[in-house]
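What follows is a single structure, written as structure tokens, with notes after it.
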Amino acid sequence: MNCHPTTKDCLDYLIAIAPIIISLAVAWFAWVQASTNKSKLRLDLYNRRFAVYEKTINYYLAYMSSESQQPKLKENADEFVKAVRESRFLFGKDSSVHKTLIEIQQALGVLVHFYEECRSNPDSDLGKAYSRQVETLPNLENLMVRLEDELSSRLDFHKVENP
Numbered sequence: 006m007n008c009h010p011t012t013k014d015c016l017d018y019l020i021a022i023a024p025i026i027i028s029l030a031v032a033w034f035a036w037v038q039a040s041t042n043k044s045k046l047r048l049d050l051y052n053r054r055f056a057v058y059e060k061t062i063n064y065y066l067a068y069m070s071s072e073s074q075q076p077k078l079k080e081n082a083d084e085f086v087k088a089v090r091e092s093r094f095l096f097g098k099d100s101s102v103h104k105t106l107i108e109i110q111q112a113l114g115v116l117v118h119f120y121e122e123c124r125s126n127p128d129s130d131l132g133k134a135y136s137r138q139v140e141t142l143p144n145l146e147n148l149m150v151r152l153e154d155e156l157s158s159r160l161d162f163h164k165v166e167n168p
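Our numbering applies: residue 6 is where the sequence shown begins, and numbers increase by one.
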């Protein structure tokens, strides 16, 4: 068998090997594309989860400084409600993160409502009711620390996976 570029045998070998080489190249490109898409999905998931945390912090901080920035509190409350709803899908409805966010939403909702009522009528019985209600609510600072602990593994960019 003579494999000179002008001989028929050499051309037959090249025709036989070409599909194998092309198939290997296509498989390699598919693997690279799948790897890139997996990394992008991890980054997108991280960004969406971090946005939930960021909206929670913004609402908490707006409440803590609510005396001077009432419109900002309302804006942050609206964004936080959306984040809580979104967290159901990002973390799972039975996840500890979603449950903690619900607790934060309930606690801050009560506090903001009573704050508004007491501010407009400070000498009413609402002040007393507010004090009683605050005593029954979980401590906001403890809830925020618990949320951060629960999110720490889910916001570790190198370990981001589905819930």
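Virtual Cβ for every residue (Gly too), placed ideally from N, Cα, C. Note that the coordinates shown come from a computational prediction; the quantities given were computed from them, not determined experimentally.
Residue i - DSSP class collapsed to helix/strand/coil
{"i": "D14", "result": "helix"}
{"i": "D161", "result": "coil"}
{"i": "D83", "result": "helix"}
Exposed unless 16 or more other CB atoms sit within 10 angstroms - verdict on residue i
{"i": "V150", "result": "exposed"}
{"i": "L16", "result": "exposed"}
Sequence-distant residues of its chain with Cβ nearer than 8 Å to residue i (five each side left out)
{"i": "F34", "result": "none"}
{"i": "K77", "result": "A67"}
{"i": "L148", "result": "T105, E108, I109, A112"}
Alpha carbon of residue i to alpha carbon of residue j, nearest angstrom
{"i": "V102", "j": "T141", "result": "21 Å"}
{"i": "K79", "j": "L113", "result": "12 Å"}
{"i": "F55", "j": "N81", "result": "16 Å"}
{"i": "S70", "j": "I109", "result": "17 Å"}
{"i": "L152", "j": "L106", "result": "7 Å"}
{"i": "P24", "j": "R159", "result": "44 Å"}
{"i": "L156", "j": "Y51", "result": "11 Å"}
Bounding residues of the alpha helix (DSSP H) (the contiguous stretch that carries residue i)
{"i": "L142", "result": "Run containing L142: none; DSSP gives neither H nor E here."}
{"i": "K98", "result": "First-last for K98: undefined, no H or E at that position."}
Same chain, Cβ closer than 7 Å to residue i, five either side skipped, listed in chain order
{"i": "E91", "result": "V57"}
Residue i CB to nearest heavy atom of the ligand MN below 6 Å
{"i": "I20", "result": "The ligand MN is absent from the structure shown, which contains no ligands of any kind."}
Chain C within 7 Å of residue i, Cβ atoms only
{"i": "E59", "result": "Included in the structure is just one protein chain, with no chain C present."}
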